[in-house]
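In this note's numbering, the protein residues as written are 382 to 859.
Virtual Cβ for every residue (Gly too), placed ideally from N, Cα, C.
Remember, it's a predicted structure, so these values are computed and weren't measured experimentally.
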């Protein structure tokens, strides 16, 4: 999920906040084309693409009035029935149907091509939330026949519709973009939500959502129905046993179009380019999971330009959010529970502060010098840990895994395990022990609050190895 965040510094910033719910573009069941085109022209100054020479260029330099007029007419004509029946709001139309582009590709025609792939012939048959969701599911099913899933190092965010179709493959990003192209061409306010990096397993993810207004959205996937309400945090389709597991997100963002000119991701675009969050994106973490706010006032004595919130992902600390104490931002807001976090400078060389948030939202930090014994009485796989997570939240365990032996908690094997710990950012071997008759491992020494690995002897730590947090005598599995 590589995103094109590096942008040009421009001298003119204008007020164009994505928090507004009224753009005065749709009134009395009609569209004000002058307002729509003026808004698109404004936004095009803060939207960028790579030109044919590979240079980053403002969209405003390649857009023509005739293109914007035709784009606005096509967008409204396809959405007007939904708008007149109050099924989608002005906010959703402006953010997710009216835009002349879907991603950071060079602006160009895509609506006609999309409608050749899929077109609603009789919109009046789809004037309910259920039927609109059904259409989105059909589009998603079609998209997954047009391109096959494949992870790639390519920056898919700069691909045009024609590029995506020609490649015939792509990650969740390309699938989301293709669904956006087709959905929006049909007048449906479709975008995607994304997790920059999971807190309990490697990688991140994105999935499409139908956003009817600021308060109502529906994740899209085939073949789930509206009544089952697709949960994108559940992943399925393991190669063995059809295993499901719950992914824990630290942050979830929604891809938008209206720039937030107050966003620090715009003010500090160079320093925060690796965070993977855009200045048009909305934080929607609390719409999916329990969240807390964390005030940094107690852990910093200065006012640095930036502090970055990191999650442990793919064997390293991955940034997922940022604040600017210099600009009176004193807390990280809306962060997901049951995650291990590190606060640092953008280069991770200073202001390193670890803390864990449990399921109830209680914060455990690592500042205490107290030491305790690390006692581990079972070895739980990630799947087992997350099944516990599902049960704790009262969610249903999918039928496909209810009777699998993997659900059962297994005892530690009769072999030696090596305890590793982070010391000054370096992983060091600390101790070695085999479980006793009671299948417990109790390490002889006393250990400080910190992050540790338990690895069977003979194996090595990889990016897929999951650590655990040891805080005040308690173990939290990551």
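Using a Cβ-Cβ cut-off of 6 Å (strictly less than) and excluding sequence neighbours within five positions of residue 742, which residues of its own chain qualify?
Reading the chain shown from its first residue, position 361 is the one you call residue 742. Closer than 6 Å at the Cβ level, and outside the excluded window around residue 742, lie 673 and 718.
Using a 10 Å radius around the Cβ and a threshold of 16 neighbouring Cβ atoms, would you call residue 537 buried or exposed?
For this step, residue 537 is matched to residue 156 along the chain shown. It is buried - the Cβ of residue 537 has at least 16 other Cβ atoms within 10 Å.
Examine the Cβ distances between the region 566-579 and the region 587-600 and report whether three or more of them are shorter than 8 Å.
Judged by Cβ distances under 8 Å, the region 566-579 makes contact with the region 587-600, as three or more pairs qualify.
To which residues of the same chain is residue 591 closer than 7 Å at the C-beta, ignoring the five residues directly before and after it?
As a position in the chain shown, residue 591 is number 210, starting the count at 1. Counting only Cβ-Cβ distances below 7 Å, and skipping sequence neighbours, we find 513, 514, 517, 569, 570, 571, 598, 599 and 601.
Using the beta-carbon count (16 or more within 10 Å), is residue 471 buried or exposed?
Here residue 471 corresponds to residue number 90 of the chain shown, with the count starting at 1. With 16 or more other Cβ atoms within 10 Å, it is buried.
Any idea if residue 818 is buried or exposed, counting beta-carbon neighbours within 10 angstroms, 16 or more meaning buried?
Start at 1 with the first residue of the chain shown, and residue 818 comes out as number 437. Its Cβ having fewer than 16 others within 10 Å, residue 818 is exposed.
So is residue 507 buried or exposed if we call it buried at 16+ other beta carbons inside 10 Å?
Along the chain shown, read from residue 1 onward, the residue named residue 507 stands at position 126. Buried, because 16 or more other Cβ atoms sit within 10 Å of the Cβ of residue 507.
What whole-angstrom Cβ distance do residue 531 and residue 552 have, given they're in contact under 8 Å?
For this step, residue 531 is matched to residue 150 along the chain shown. For this step, residue 552 is matched to residue 171 along the chain shown. Indeed they touch by this definition, with Cβ atoms about 7 Å apart.
Whole-angstrom Cβ separation of residue 638 and residue 413, contact assumed at under 8 Å?
Position 257 of the chain shown, counting from 1, holds the residue named residue 638. Position 32 of the chain shown, counting from 1, holds the residue named residue 413. Not confirmed; about 18 Å, so no contact.
Going straight from the alpha carbon of residue 543 to that of residue 651, what length do you get?
Along the chain shown, read from residue 1 onward, the residue named residue 543 stands at position 162. Along the chain shown, read from residue 1 onward, the residue named residue 651 stands at position 270. Rounded to the nearest angstrom, the two C-alpha atoms are 30 Å apart.
With distance defined between alpha-carbon atoms, name the residue in 458, 859 and 738 nearest to residue 503.
Start at 1 with the first residue of the chain shown, and residue 503 comes out as number 122. That would be 458, whose Cα lies nearest to the Cα of residue 503.
Rounded to the nearest angstrom, how far is the Cβ of residue 550 from that of residue 528, given a contact under 8 Å?
For the purposes of this step, residue 550 is identified with residue 169 of the chain shown, where counting begins at 1. For the purposes of this step, residue 528 is identified with residue 147 of the chain shown, where counting begins at 1. At roughly 6 Å, the Cβ-Cβ gap stays under 8 Å, so residue 550 and residue 528 are in contact.
Within the same chain, show all residues whose beta-carbon is closer than 8 Å to that of residue 827, passing over the 5 residues directly before and after it, in chain order.
The residue given as residue 827 occupies position 446 in the chain shown. Excluding sequence neighbours, residue 827 sits near 752, 753 and 754.
Hey, is the region 460-471 in contact with the region 426-444, meaning 3+ C-beta pairs nearer than 8 Å?
Short answer: they don't touch.
What first and last residue would you give for the alpha helix (DSSP H) that runs through residue 543?
As a first step, residue 543 must be located in the chain shown, where it is residue number 162. Unbroken alpha helix (DSSP H) run through residue 543: 542-548.
Look up residue 698 in the DSSP assignment and give the residues it is bridged to.
The residue you call residue 698 lines up with position 317 of the chain shown. The partner list for residue 698 (beta bridge, DSSP) reads 693.
Hey, is residue 823's beta-carbon within less than 8 Å of any beta-carbon in chain D?
The structure shown contains no chain D; it is built from a single protein chain.
Run through the region 571-596 for me and flag every whole beta strand (DSSP E) of 3 or more residues, listed as ranges in chain order.
Listed in chain order, the complete beta strand (DSSP E) runs (minimum 3 residues) inside the region 571-596 are 571-576 and 586-594.
Please name the residue, chosen from 510, 563, 509 and 450, that lies closest to residue 491 on a Cα-to-Cα basis.
By 1-based counting over the chain shown, the position of residue 491 is 110. Among 510, 563, 509 and 450, the Cα nearest to that of residue 491 belongs to 563.
With DSSP as the reference, identify every bridge partner of residue 529, one or two as the case may be.
For this step, residue 529 is matched to residue 148 along the chain shown. According to DSSP, residue 529 bridges with 550.
Counting along the chain, where does the beta strand (DSSP E) carrying residue 715 start and finish?
Residue 715 sits at position 334 when you count from the first residue of the chain shown. Unbroken beta strand (DSSP E) run through residue 715: 712-717.
Do residue 456 and residue 479 come within 8 Å of each other at the CB atom, strictly closer than that value?
For the purposes of this step, residue 479 is identified with residue 98 of the chain shown, where counting begins at 1. For the purposes of this step, residue 456 is identified with residue 75 of the chain shown, where counting begins at 1. Yes, the pair counts as a contact, with Cβ atoms nearer than the cut-off.
Since residue 824 contacts residue 737 with CB under 8 Å, what's their CB separation in whole angstroms?
Within the chain shown, numbered from 1, the residue matching residue 824 stands at position 443. Within the chain shown, numbered from 1, the residue matching residue 737 stands at position 356. Between residue 737 and residue 824 the Cβ distance is about 20 Å, and since that is not below 8 Å, they are no contact.
Rounded to a whole number of angstroms, what is the C-alpha to C-alpha distance between residue 837 and residue 820?
Reading the chain shown from its first residue, position 456 is the one you call residue 837. Reading the chain shown from its first residue, position 439 is the one you call residue 820. Their Cα atoms are separated by approximately 14 Å.
Using CA coordinates, which residue listed in 844, 460, 559 and 452 is at the minimum distance from residue 501?
Along the chain shown, one-based indexing puts residue 501 at 120. Out of 844, 460, 559 and 452, 460 has the C-alpha closest to the C-alpha of residue 501.
So, is residue 867 buried or exposed, given that buried needs 16 or more other C-beta atoms within 10 angstroms?
Residue 867 cannot be examined here, being either before or after the span of the chain that is shown, 382 to 859.
Relative to the C-alpha of residue 417, which residue among 474, 692 and 462 is closest?
By 1-based counting over the chain shown, the position of residue 417 is 36. Of the candidates 474, 692 and 462, the one whose C-alpha sits nearest the C-alpha of residue 417 is 474.
Within 10 angstroms of the Cβ of residue 437, are there 16 or more other Cβ atoms? Answer buried if so, exposed if not.
Indexing the chain shown from 1 puts residue 437 at position 56. Burial call: exposed.
In the DSSP assignment, find the unbroken alpha helix (DSSP H) run with residue 737 in it and report its ends.
Numbered from its first residue, the chain shown carries residue 737 at position 356. Unbroken run through residue 737 is the beta strand (DSSP E), 734-738; no alpha helix (DSSP H).
Using the rule of at least 16 other Cβ atoms within 10 Å of the residue's Cβ for burial, across every protein chain shown, is residue 849 buried or exposed?
Taking the chain shown and counting its residues from 1, one reaches residue 849 at position 468. Result: buried.
If you draw a straight line from the alpha carbon of residue 873 to that of residue 693, how long is it in whole angstroms?
Summary: the structure shown does not reach residue 873, with the chain confined to residues 382 through 859, and so no result is reported for it.
From this set, 800, 814 and 829, which residue's C-alpha is nearest residue 835's C-alpha?
On the chain shown, position 454 is the one that residue 835 refers to. Cα-wise, what sits closest to residue 835 is 800.
For residue 698, which of 411, 554 and 844 has the nearest alpha-carbon?
Numbered from its first residue, the chain shown carries residue 698 at position 317. The option with the nearest alpha carbon to residue 698 is 844.
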